[in-house]
Amino acid sequence: MTTSSTTAADVMIGYAPPGEDIDSSAPGWQDEVRRLAAEQDAVILAHNYQVAEIQDVADHVGDSLALSRIAAAAAARTIVFCGVHFMAETAKILSPDKRVLIPDARAGCSLADTINADQLRAWKADNPDAVVVAYVNTTAEVKAESDICCTSSNAVDVVAGIPAKRPVLFLPDQFLGAHVKRVTGRENMQVWLGECHVHAGISPSDVRDQVAAHPDADLLVHPECGCTTSVLWLAGHGGLPEHRTHILSTGGMVEAARTMTASTALVATEVGMLHQLRAVNPRTRFLPMNPLASCRYMKMITPAKLLRSLREGRDEVHVDPDLAARARRAVQAMVAVGTPSPVAE
Ligand code: SF4
């Protein structure tokens with residue numbers, strides 16, 4: 285079925301109207317994306333958890349912070365951010381003069397949704413001397429209420445850099461917070477009890493079963509993952525191959541994969557990550573710790589919605605300028621700490 289706005293070319297390349305998807309195996313839709321991107325002076329960014337077709341057609345693939353930095357440095361007037369909403373929002377915060385589009389603004393994040401600005405203001409009121417450290421998986425409103433942001437790979441440096449006497453409020457991820465608290469040994473740190481449904485879905489029993497089934501495999505574990513505590517505990521008690529267990533951000537996983545010599549690696553994070561790892565290292569067999577660990581929000585971005593976004597300029601991301609200025613301070617404070625990592629989720 286076609287609509288009045290569907291052209292013959294749409295049919296030929298398999299483009300379907302909004303609400304339907306295209307056959308991404310049909311030839312030509314990628315050329316149409318590239319043509320529209322050039323026409324719109326747009327750069328297309330894709331998060332590591334996007335479907336393979338989106339990753340392959342994008343100008344850049346990476347984690348949220350690296351992509352935001354690319355967005356800020358890009359000469360293009362329009363940024364099309366194929367990821368979830370807080371990521372596109374962060375790109376807008378760092379690039380207020382650019383037009384930022386996300387192909388589906390309903391692509392949220394269960395982790396970012398675990399705390400809102402009112403809840404954070406109440407938490408701060410109970411702890412008036414505390415320094416608020418917010419993981420980048422937060423809304424602009426929450427960032428604006430925070431003192432400093434962090435990524436999964438520099439969270440330890442950020443917290444370690446806060447004077448020992450100052451209490452710390454860490455949000456929103458309880459697994460990353462527990463990891464940071466353990467590594468820094470900081471007692472005066474409270475952690476918000478938020479979690480991502482995907483990472484929390486990778487259970488310690490998944491880890492044990494997979495490690496038993498693949499005894500020679502390297503383990504790549506994202507620190508937000510619900511199994512991290514168990515992995516570290518097991519490793520510390522001889523239950524896992526400690527020298528082959530790597531706690532890494534998603535960007536760190538890609539770097540580690542480049543030089544990996546193991547024949548098999550088990551990956552404990554969202555399954556979209558496997559596409560990047562396999563692309564940089566075809567020698568190693570990368571297997572998911574849990575093949576069901578898929579982010580439904582990330583998968584809301586489809587080739588049809590990317591085409592619609594370029595054609596119709598939707599969905600445009602707006603952030604109030606005053607709010608953006610306050611949120612930008614927290615993001616820039618993060619960049620100024622230690623050796624800021626180019627990686628995040
Ligand atoms: S994988 Fe989890 S933290 Fe990442 S975008 Fe999806 S819901 Fe949010």
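For the sequence shown, my numbering gives the first residue as 285, with consecutive numbering after it.
Where is the CB? At the ideal position from N, CA and C, for every residue including glycine.
Excluding five sequence neighbours on each side, which residues of the same chain lie with their C-beta closer than 7 angstroms to the C-beta of residue i?
{"i": "I585", "result": "Q334, I338, C366, P387, D388, A391"}
{"i": "H481", "result": "S394"}
{"i": "L460", "result": "Y419, S436, A439, P507, E508"}
{"i": "Y581", "result": "V368, A391, G392, C393"}
{"i": "A540", "result": "L504, H530, L532"}
Label residue i either buried or exposed according to how many other C-beta atoms from any shown protein chain fall within 10 Å of its C-beta, with 16 as the threshold for buried.
{"i": "Q494", "result": "buried"}
{"i": "Q560", "result": "buried"}
{"i": "E508", "result": "buried"}
{"i": "D502", "result": "buried"}
{"i": "L576", "result": "exposed"}
{"i": "R592", "result": "buried"}
{"i": "A496", "result": "exposed"}
{"i": "H602", "result": "exposed"}
{"i": "A292", "result": "In this prediction, A292 has a pLDDT of 35, which is less than 50 and means its spatial position is unreliable; what the coordinates show is noted afterwards. Exposed is the call here."}
{"i": "D604", "result": "exposed"}
{"i": "D315", "result": "exposed"}
Just to confirm before moving on: does the CB-CB distance between residue i and residue j stay below 8 angstroms?
{"i": "T423", "j": "E373", "result": "yes"}
{"i": "L504", "j": "H483", "result": "no"}
{"i": "I377", "j": "A611", "result": "yes"}
{"i": "D500", "j": "R450", "result": "no"}
{"i": "I432", "j": "V442", "result": "yes"}
{"i": "L532", "j": "H498", "result": "no"}
{"i": "D457", "j": "G478", "result": "yes"}
{"i": "L558", "j": "P572", "result": "yes"}
{"i": "L404", "j": "E429", "result": "yes"}
{"i": "S547", "j": "R528", "result": "no"}
{"i": "N565", "j": "M544", "result": "yes"}
{"i": "L607", "j": "E425", "result": "yes"}
{"i": "K408", "j": "V416", "result": "yes"}
{"i": "T534", "j": "D347", "result": "yes"}
{"i": "F370", "j": "N421", "result": "yes"}
{"i": "N332", "j": "V341", "result": "no"}
{"i": "R383", "j": "E600", "result": "yes"}
By DSSP, does residue i sit in helix, in strand, or in coil?
{"i": "A552", "result": "strand"}
{"i": "G485", "result": "coil"}
{"i": "T435", "result": "coil"}
{"i": "A617", "result": "helix"}
{"i": "G535", "result": "helix"}
{"i": "L576", "result": "coil"}
{"i": "R470", "result": "coil"}
{"i": "T529", "result": "strand"}
{"i": "E633", "result": "Here the chain covers residues 285 to 629 and nothing more, so residue 633 does not appear."}
{"i": "H463", "result": "helix"}
{"i": "P626", "result": "Since pLDDT at P626 reaches only 39, below the 50 mark, its modelled position is unreliable, and no value is offered."}
{"i": "R567", "result": "coil"}
{"i": "H331", "result": "strand"}
{"i": "D441", "result": "helix"}
{"i": "I354", "result": "helix"}
{"i": "E425", "result": "helix"}
{"i": "L378", "result": "helix"}
{"i": "R390", "result": "coil"}
{"i": "T291", "result": "With a pLDDT of 37 at T291, under the threshold of 50, the predicted position of this residue should be treated as unreliable, and no value is reported."}
Which one or two residues does DSSP pair with residue i in a beta bridge?
{"i": "T362", "result": "A326, R383"}
{"i": "L455", "result": "A418"}
{"i": "D343", "result": "Partner(s): none; D343 has no beta bridge."}
{"i": "G478", "result": "D457"}
{"i": "F370", "result": "Beta-bridge pairing links F370 to no other residue."}
{"i": "L504", "result": "H530, V551"}
Give every residue of the same chain whose Cβ lies closer than 8 angstroms to the Cβ of residue i, excluding the five residues on either side of it in the sequence, and list them in chain order.
{"i": "A326", "result": "L320, A360, R361, T362, I363, V364, L385, L594"}
{"i": "T468", "result": "V440, V443, A444"}
{"i": "R613", "result": "none"}
{"i": "V317", "result": "I328, V341, P587, L590, L591, L594"}
Just to confirm my understanding: we take residue i, look at its own chain, exclude 5 residues before and 5 after, and list those with CB closer than 6 angstroms. What are they?
{"i": "A356", "result": "L378, S379"}
{"i": "L351", "result": "L329"}
{"i": "V615", "result": "C433"}
**Message:** Using only Cβ atoms and a threshold of 7 angstroms, which residues come within that distance of a heavy atom of the ligand MN? Order them by chain position.
**Reply:** What this structure holds is the ligand SF4, not the ligand MN.
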